[in-house]
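In what follows, a single structure is set out as structure tokens and then discussed.
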Amino acid sequence: NDGGAVREVIEVRQPQLPPGARWQPEIGDETLTLLNSLNNLSAQERNRLRDESLAILGRCVPPTGPNEHYAGLIVGNIQSGKTLSFTTVSGLARDNGFRLVIVLTGKVKILSAQSIKRLTNQLRLNTRHDFAWRLYRNPRSTLAQAQELESILQDWQHPTPGGLQPQTIIITLLKHAKRLRDASAL
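Set out below in structure tokens:
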């Protein structure tokens, strides 16, 4: 007999994942700063961008856990917001511990350059002082390039002074067989 004491049972459940999601990404400073800087979007549009980006990243392999291989493809019409979408997904990826982001920017050099310029501006790659990102445009398969990339990736294994996260590598590639082979050889 417990003397009439009331017992409370607490059940801990895993949160329900959205359909198709493999895990639930978290929004961090990188994504919040990006979303808050988009003054040309309404609050409703920013919320939709956030939610769609969370859904996209949530379908990817989680950054922690066993090594897995999973391929997905996101496509969109011209002027549909693809650049803003992959930029936001990139920010979420950094917030969630991804060390490397690869973006296929298109087949035409001038359109690729436009995408890279917008990506650079929206992630503030040239104006920030924390050096959070390291951008590589169509990297070549050279020993020096491979060693540099490996060094940056290895920095994630060691804590940094002041609690700063290491750099996230972002590689932009033209959709061209040679560019893809060069990047995969790194």
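Going by the working numbering, the residue at position 110 of the sequence shown is 110; the numbering climbs one at a time, nothing skipped. Even glycine gets a Cβ: it sits at the ideal position worked out from N, Cα and C. Only a predicted model underlies this, so the values are computations on that prediction, with no experimental measurement involved.
Supposed contact pair residue j and residue i - C-beta distance, whole angstroms, cut 8 angstroms
i: residue 186; j: residue 149; result: 6 angstroms
i: residue 121; j: residue 26; result: So it is not a contact: roughly 25 angstroms between Cβ atoms.
i: residue 58; j: residue 24; result: 6 angstroms
i: residue 119; j: residue 87; result: 5 angstroms
Straight-line Cα distance separating residue j from residue i
i: residue 166; j: residue 89; result: 18 angstroms
i: residue 18; j: residue 153; result: 30 angstroms
i: residue 129; j: residue 123; result: 12 angstroms
i: residue 61; j: residue 5; result: 47 angstroms
i: residue 172; j: residue 103; result: 5 angstroms
i: residue 82; j: residue 158; result: 34 angstroms
i: residue 175; j: residue 110; result: 13 angstroms
i: residue 100; j: residue 28; result: 17 angstroms
i: residue 108; j: residue 42; result: 31 angstroms
i: residue 37; j: residue 31; result: 10 angstroms
i: residue 94; j: residue 11; result: 32 angstroms
i: residue 137; j: residue 22; result: 30 angstroms
i: residue 7; j: residue 16; result: 27 angstroms
i: residue 155; j: residue 9; result: 44 angstroms
i: residue 147; j: residue 44; result: 44 angstroms
i: residue 74; j: residue 181; result: 21 angstroms
Residue of the options minimising C-alpha distance to residue i
i: residue 227; options: 34, 16, 182, 8; result: No statement about residue 227 is possible, as the shown extent of the chain runs from 1 to 186 and does not include it.
i: residue 160; options: 29, 84, 132; result: 132
i: residue 178; options: 169, 139, 70, 146; result: 139
i: residue 40; options: 84, 57, 24; result: 84
i: residue 63; options: 168, 183, 98, 162; result: 98
Burial state of residue i (16 or more Cβ within 10 Å)
i: residue 68; result: exposed
i: residue 20; result: exposed
i: residue 141; result: exposed
i: residue 53; result: buried
i: residue 70; result: exposed
i: residue 144; result: exposed
i: residue 56; result: buried
i: residue 127; result: exposed
i: residue 206; result: Absent from the model: residue 206. The displayed extent of the chain is 1 to 186, so no value can be given.
i: residue 106; result: buried
Worksheet item: Is the stretch 45 to 64 in contact with the stretch 110 to 120, if contact means three or more CB pairs nearer than 8 angstroms?
Response: no
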